[in-house]
Structure formats: C-alpha cells, structure tokens
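**Q** This structure is in structure tokens; I'll ask about it shortly.
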Amino acid sequence: MSDITLTDDLIRVLIDEETIQARVVELAQQINRDYAHLDSTLILVGVLKGSFIFLADLVRHLEVDHVVDFIALSSYDGGQSGNVRLLMDTRENMEDKHVLIVEDILDSGNTLDYLMRNFRTRGPKSVRTAVLLDKPDRHILPIDIAYLGFTIPDVWVVGYGLDYNEKYRTLPYIAEMKPQG
Ligand code: IMP
Ligand code: MG
325 MSDITLTDDL IRVLIDEETI QARVVELAQQ INRDYAHLDS TLILVGVLKG
375 SFIFLADLVR HLEVDHVVDF IALSSYDGGQ SGNVRLLMDT RENMEDKHVL
425 IVEDILDSGN TLDYLMRNFR TRGPKSVRTA VLLDKPDRHI LPIDIAYLGF
475 TIPDVWVVGY GLDYNEKYRT LPYIAEMKPQ G
C-alpha cells in the first residue's frame, strides 16, 4: 500500500486494506462458530453511519442465519463525546432473539454502554458487540467486546466507514489524521 497518495490531512495508513479484509473474515468465522447452533434468529444491528462498510463486509462472510438492522445515534458533537441521542431506531423486534451490535470504533464507551442497556430492556436472548477498532486509552465506561478487529492508539482515524466531518469514509484502509487545530 505504499503507492497511496495521502492528502495533507492524513499522516499514515494505520491498517491497510488486505489486513482489514483478512481480519473481517476471521471475525466472521468466529461468529459462524459461536452462533452455529442458534435457537432463534440473530439480528445484526449496524450503528450508523460508521459501521456500514464493516457490516457489509462482515455479513458477506456469515454462514449463520441472520437479519440486518440499523440504528442511528449521535454521540459526537464537534468532537465531544458523552451525549448519546437516538436519531433512528431499529425495526426488528428483539424479543427472544440474539442481538449482535456492529460498531466501527469504541472510544469513550458511551455509545455502546447506551446501546447495551437500551437493548437489554427489549427482552433479547443475548446482546453482544462486534467492534472493528478499539482505543483503550479513551475508555470512560467498561465495555465487553465479544469480537474485536484491532486495538489502536489514541489518534483520530478515518476510512473504512469512519469519517472526519463526513470526509474519508470510503477509503479502503484506516488512516491516521493529522490533529485538526
Ligand atoms: P464513544 O461513544 O465515545 O465510544 O464514541 C464512539 C463513536 O465516536 C464512534 O462510533 C465513532 O462514530 C466516533 N469516533 C470515535 N473515535 C473516532 C475516530 O477516531 N474516527 C472516527 N470516528 C470516531
Ligand atoms: Mg460509530
């Protein structure tokens, strides 16, 4: 991936396309094993917008029966996390179903803490999380990640679904951004 032309905003490629794709296959294989003998439907809930590419790649390697759903939250207002607001709810009824939340990145933990607590009130059989990236240095709330892609340092990253002010989401790799003044 050395031939990538990074723009002025991007410092370096943190995780290249091949590495991401290989890891997504491994995560799907783990999910296939763990949910192989399902007693009820598995609902994958993608957290919009950041998870849509990760989710799309992940489900194409799933062999277990599942349905895809989405939820939209806003947790970042001008770079400040903490205030989680529900923008669009899921459509599927979670009662007696297995739920797997698919999230792009675990930062403070506010988003996933909110979702886990909210979904558990809806009577699911189980609620677990699949998270592509984890920034352990940023955690405020403890979150249990069942399927983790990569651990990364405390830097702002873009690409593979993740954005900076809606830019860079469709890069096929994860890049580190220059700190924005
Ligand atoms: P949390 O609620 O603080 O864990 O924040 C999670 C959300 O913040 C993620 O779902 C992302 O939308 C966003 N976020 C946190 N760090 C980054 C980053 O480095 N790049 C892009 N989005 C990020
Ligand atoms: Mg997100």
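Note that the sequence shown covers residues 325 to 505 in our numbering.
Glycine included, each C-beta is placed from N, C-alpha and C at the ideal position.
1) Just grab the DSSP bridge partners of F474 for me.
2) Ignore the nearest five residues each way along the sequence and tell me which others in L456's own chain have a CB closer than 6 Å to its CB.
3) Flag this pair as yes or no: are the beta carbons of V426 and L386 separated by less than 8 Å?
4) Below 6 Å CB to CB, which residues in the same chain sit around A396 once its five sequence neighbours on both sides are set aside?
5) Could you check if G402 is buried or exposed, using at least 16 other CB atoms within 10 Å of its CB as the buried criterion?
6) Got a sec: is the Cβ-Cβ distance from V388 to anything in chain B below 8 Å?
7) Can you determine whether any heavy atom of the ligand IMP sits closer than 7 Å to the C-beta of I469, and answer yes or no?
8) Count the other C-beta atoms from every protein chain shown that fall within 10 angstroms of the C-beta of H463, then say buried if there are 16 or more, exposed otherwise.
9) Pull up the DSSP beta-bridge partners for R409, would you.
10) Span of the beta strand (DSSP E) holding D428?
11) Taking 7 Å as the cut-off, is the C-beta of V482 nearer than that to any heavy atom in the ligand IMP?
12) Closest to S398 by C-alpha separation, out of H422, L436, P460, would be which residue?
13) Is D332 near the ligand IMP, judged by its Cβ being under 7 Å from some heavy atom?
14) Which value, in whole angstroms, describes the spacing of the CA atoms of D389 and I498?
15) Starting from M440, trace the beta strand (DSSP E) both ways and give me its first and last residue.
**A** For this structure:
1) L457, per the DSSP bridge assignment.
2) Excluding sequence neighbours, L456 sits near F378, D428, G473.
3) no
4) L372, L411, M412
5) Low per-residue confidence applies at G402: pLDDT is 49, beneath 50, and the placement is therefore not dependable enough to give any value.
6) Any reference to chain B falls outside this structure, which holds one protein chain only.
7) Incorrect: I469 has no Cβ contact closer than 7 Å to the ligand IMP.
8) exposed
9) S398
10) Unbroken beta strand (DSSP E) run through D428: 422-430.
11) yes
12) L436
13) no
14) Rounded to whole angstroms, the separation of the alpha carbons of I498 and D389 is 29 Å.
15) Here M440 belongs to no beta strand (DSSP E); instead the alpha helix (DSSP H) covers 434-444.
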